[in-house]
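Residue numbers (numbering that gives the first Met the number 0), protein chains in the order written: chain A, 0 to 448; chain L, 0 to 456. Heads up, the beta-carbon is just placed ideally off N, CA and C, and yes, glycines get one too. To keep things clear, I will list the structure first and then write my remarks on it.
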Amino acid sequence: MKLLKIGISGVRGIVGESITPRLVMDFAGAFGTYINSKPVLLARDTRISGPMLQAACTSALLSTGCAVLDLGVCPTPILQLLVKPLKAMGGISITAGHNDIKWNALTFISRDGTYLNSFQGAEVLDIYHLGKFKKVATDRLGRVKAAEKAVDAYFEKLGAFINAEAVAEARFKVVIDACNGAGAKFIGRLAGLLGFELIPINHEPNGFFPHDPEPRPRNAQQVVSIIKAVGADVGFLLNSDVSRVSIVTETGESLSEEFTFPLVAHDLLEDDCGPVVTNLSTSRMIEDVARSRNCPLIRTKVGQSYAIQTLLQENGVMAGEGSGGVALAKFQPAFDGFLTMAVILEAMARRGKKISQLVKELPRYHIVKEKIYCPPTKIHSVVNEVKKFFRGHEMDTSDGIRVEDKQGWVLVRTSGTEPMIRVIVEDSAKDRARQRADEVIHFINLIIK
Amino acid sequence: MKKISSLKISISGVRGIIGESLTPQLAAAFAQAFGTYIGGGPVIVGQDARPSGTMLKQAVISGLLAVGCQPVDVGICPIPSFLFLTKESKSSGGIAVTASHNPKEWNGMKFISRDGLYLTPHQTEEFLDIYHQGEFYFVEPERYKGLKTESNPAEPHLKKLLSYFDVDRIRGKKFKVAVDCSNGAGAVLAPRLLEALGCEPIFIHCLPDGAFAHDPEPLPENIVEICRTVREGKADVGFVQDADADRLAVVSEKGELLGEESTLALAAQYVLGKTPGPVVCNLSTTQAIDDIAGRFGAPVVRTKIGEINVVERILAMEPRPAIGGEGNGGVIVPDIHPCRDSFAAMCVILEYMAASGKRVSALQKSLPQYFMIKEKVSGSAEQAYRLINLLRKKYEGKGRIELLDGLKVRMNDHWIHVRPSNTEPIIRVIAEAKSREKAKAAIRRLKREISALQRKI
């Protein structure tokens, strides 16, 4: 079985199996047809397969008459912010975010700099399935223009958004593990902008991932091992396209990626109240934070596209996911790791508190996240069967099955990116979380067998 | 008549029309097949100056990376320099994105073996089998090779040219040379070569931007401007390169185009004077070659049309011939590299001028005088095949018939040749005679016969 995941805002698969030049060209050709011969921004993370996908995208976009504004190795949030100032009509980011090196993916960005919404995505997919891509004659082919310098505009905007002076005065020492991803190329600029002392780990943008590029405690050992020794104030882990961040405290505690969004929300909602958007599988922490700040919380299906669309529709102030992605409506409607780091540093500086102290202000829950392999052909029917397990409870089925009670909640859903069933359990008591997770997993395994 | 397909897959590679048949998907599939065929390793990837070059080259790079090859992007590069580099750099092969002399809306790919030669017909067959089976050797990302770029790809070729020819002798003459690069890949090397040869160059159409100032085929109608440039600039000689710089046409100091058949004739006359030996050329090359070779007691070996056929014959001969080529301005100096090379042709002619002390018009006069007319009629390969069978019956007994490639008939005072093009859906029609009138008469008659037969087909 070849793994290929086609979602509303892109396509993801294993290079050499499902991700081939042909597939990439067909998708990029469909996107170029949808964009209709206008300029498209193109960027990639550092994955070794990146140049293959980039060449395929470039060729296909040019053939549909789209000019390619080439950002080279560049994180997705930077591309997203640059779509408007560069007068592009869309973008393609070549990145598989947190997936391991075997994977790669195309993420389609709209003219607004957001992930495609479900209507836009459906239009691109229709063109893809129809297989009829726009083909222009020689004289109307697109051209490639180098656009790497445009990245300056991103950092200028970030510098204007953050109180950089306050951060600089705090003279922070910050450890950042960019996992040799696209962020590695730019963390030095962030340090320069905000005037902190950077202690970089895995900062060669060469695509060799020393651990999975997924910001979470499991991958934080390197940061944890040095953070006290170097006397750093905070540590950050990035995924390969800097859309997610997880945090390590100055005491060497590796925080669950669930903490990132509530930390930002807890700080910013104080002065800027409004709707907060998160997905169904994110920790209850954000509910408590929003409630304490008197802000409404809206839950959506899992995926950046859904969260951001809701953020825009509901005129929200921020959106975020338990995976470590945070977007602020006032900056840009995109999960943005640079912004996330900057906002957290600013909160530390403004409040004069250590990161461990800021974390203490948050409620603590215990979350268990497990994934179970399931053949893609029967994955949805298996999840459907799980309803039997929850018989008698009220179920939210907008994305998988979610059951909630006073103590916590359970979510069983198919992964958007892999042939996996995700089981997420959160509870105020650690043992109960583990026990409920084990029960659900046991039930699912019985169905699969 | 049914619509003629705009995709040509032949021993000359793949050619098609951008926006119609030649898509990124197709180019990537051929690159994957080629990478699978050569089994990985570095592959030189270049382009001529056509605006569609980048689009196709990116597709080729993508395909090569996916099957574990390491593409070495040399950008816009003259094809003889490209072939030379492929061999010199010990690469596994090369893919040149070019449609040679086809009109601007065309582009294509030529596939090159590790020896720096176009794939032979047998190799092409093996490679196309892989393409058609569609089973490509995709590798895991861990085994990907990075993309490399080479910014000075013509350097090894230039060095070789300068070590082979009598540079001092040419430099001593301080020739004034007008060059029309057709805004093609030749512009990458021509200025540096002429500077090294101590020439005072006048360039026209020397921006390799693919905005071909005229049709890239160096035919008389495209050549008015260079002739004027030679006259007004009082140049000793004028040169016109085709878009990928494998072919060369020569203009005399009087501003008269010599006709593309003269390039090889001039080169052969000079080279055979220094190094006697056989000459290899294709069937439709001028009869003048036979006369020149005859003067030196040298044999002429004729091959099917297609550069690789000439090259294969050259490589099969021992000792290796000193000169070969095609009447279309394609001169091969095998000691440099067995491929058509407009730069080597320039060097030969400049050295001839220097060594003989004669002007180009005088050298031209010393050649056996023939007049060739090349025309084309539209028609697919299949129509050409039927046509040739019918024509053959018509010419039975009227002259010596050769069927090596299409139909060639050598009659008392002229010859004719009819064959399908390898690169475009057209039928080439050629006649040569001792006088312009006879050649014209022959081509008129032949075309009349063809159109009568085409109505029957």
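Asked	Found
At a Cβ cut of 8 Å, what residues of the region 98-121 of chain L count as close to chain A, listed as they run along the chain?	Lys103, Glu104 and Asn106
Decide yes or no for the touch test of the region 62-82 of chain A against the region 329-342 of chain A: beta carbon pairs closer than 8 Å, at least 3 of them.	yes
Is there a C-beta anywhere in chain L that falls below 8 Å from the one on Pro50 of chain A?	yes
Given a cut-off of 8 Å, decide if Asn101 of chain L and Arg14 of chain L are closer than it, judged by their beta-carbon atoms.	yes
Below 8 Å between beta carbons: does that hold for Glu252 of chain L and Val270 of chain L?	no
Going along chain A, which residues have a C-beta under 8 Å from Glu476 of chain L?	Absent from the structure is residue 476 of chain L, since the part of chain L shown begins at 0 and ends at 456.
I think Val330 of chain L touches Ala343 of chain L, with their Cβ atoms under 8 Å apart; what is that distance to the nearest whole Å?	6 Å
Chain A beta carbons: is any one of them nearer than 8 Å to that of Ala321 of chain L?	no
Give, in chain order, every residue of the region 34-47 of chain A whose Cβ lies closer than 9 Å to some Cβ of chain L.	Arg46 and Ile47
By Cβ distance below 6 Å, which residues in the same chain neighbour Val222 of chain A in space, the five residues on each side in sequence not counted?	Val174, Asp176, Gly234 and Val247
Please check the pair Arg427 of chain L and Arg418 of chain L, which I expect to be a contact at CB under 8 Å, by giving their CB distance rounded to whole angstroms.	6 Å
Between A:Asp437, A:Pro199, A:Glu417 and A:Pro375, which has its C-alpha nearest Val409 of chain A's C-alpha?	A:Asp437
So the alpha helix (DSSP H) Ile225 of chain A belongs to, where does it begin and stop?	Gln220 to Ile226
Please check the pair Gly336 of chain A and Val276 of chain A, which I expect to be a contact at CB under 8 Å, by giving their CB distance rounded to whole angstroms.	Not really, about 18 Å apart at Cβ, beyond 8 Å.
Starting from Gly40 of chain L and walking both ways along the beta strand (DSSP E), at which residues does that stretch end?	Gly40 to Gln46
Asp167 of chain L to Gly197 of chain L, Cα distance in whole Å?	9 Å
Between A:Thr413, A:Ser36 and A:Phe442, which has its C-alpha nearest Gly89 of chain A's C-alpha?	A:Ser36
In chain A, which residues lie with their C-beta within 7 Å of the C-beta of Ala95 of chain L?	The premise fails here: Ala95 of chain L is roughly 16 Å from chain A at the closest Cβ pair, so nothing lies under 7 Å.
What residues of chain A sit near Gln69 of chain L, judged by a beta carbon separation below 9 Å?	Chain A residues near Gln69 of chain L: none, gap ~11 Å exceeds 9 Å.
Using a Cβ-Cβ cut-off of 8 Å (strictly less than) and excluding sequence neighbours within five positions of Val72 of chain A, which residues of its own chain qualify?	Ala42, Arg43, Asp44, Thr45, Gly49, Ala181, Lys184 and Pro204
Which residues mark the beginning and the end of the alpha helix (DSSP H) in which Ala95 of chain L is found?	Element bounds for Ala95 of chain L: not the alpha helix (DSSP H) but the beta strand (DSSP E), Gly92 to Val96.
Quick one: measure Cβ to Cβ for Gly319 of chain A and Val367 of chain A, integer angstroms, because I've assumed they're closer than 8 Å.	Rounded, the Cβ-Cβ distance is 20 Å, inconsistent with contact.
Check whether the Cβ of Lys1 of chain L lies closer than 8 Å to any Cβ atom in chain A.	Its pLDDT being 45, under 50, Lys1 of chain L is placed unreliably by the model, and the measurement read from it follows with that caveat. False, the Cβ-Cβ gap to chain A never drops below 8 Å.
What are the boundary residues of the alpha helix (DSSP H) that Ala181 of chain A is part of?	No alpha helix (DSSP H) holds Ala181 of chain A; DSSP gives it neither H nor E.
Give the residues of chain L in contact with Arg21 of chain A, contact being defined as C-beta atoms less than 8 Å apart.	Gln24, Ala27 and Ala28
On the criterion of 16 or more Cβ atoms from any shown chain inside 10 Å, does Arg363 of chain A qualify as buried, or is it exposed?	exposed
For the 8 Å Cβ check, are there 3 or more pairs between the region 353-362 of chain L and the region 287-300 of chain L?	no
So, under 8 Å CB-CB, Gly64 of chain A and Val135 of chain A are touching, yes? Tell me the CB distance rounded to an integer number of Å.	4 Å
Which residue from A:Gly9, A:Ile5, A:Leu338 and A:His365 puts its Cα closest to that of Ala163 of chain A?	A:Leu338
What did DSSP end up calling Pro214 of chain A once you bin it into helix, strand or coil?	coil
Have a look at A:His202, A:Ala146 and A:Arg170 and flag the residue whose alpha-carbon is nearest the alpha-carbon of Glu196 of chain A.	A:Arg170
Phe83 of chain L and Ile43 of chain L look like a contact to me (Cβ under 8 Å); what is the Cβ gap, rounded to whole Å?	So it is not a contact: roughly 10 Å between Cβ atoms.
With distance defined between alpha-carbon atoms, name the residue in L:Gly74, L:Gln24 and L:Ile37 nearest to Gly62 of chain L.	L:Gln24
Look at the Cβ atom of Lys175 of chain L, then the Cβ atom of Lys233 of chain L, and state whether they are nearer than 8 Å.	yes
What's the gap between the Cα of Lys455 of chain L and the Cα of Leu406 of chain L?	19 Å
What does the alpha-carbon distance come out to for the pair Met0 of chain L and Trp105 of chain L?	Its pLDDT being 39, under 50, Met0 of chain L is placed unreliably in this model, and the value from its coordinates should be taken loosely. Distance between the alpha carbons of Met0 of chain L and Trp105 of chain L: 22 Å.
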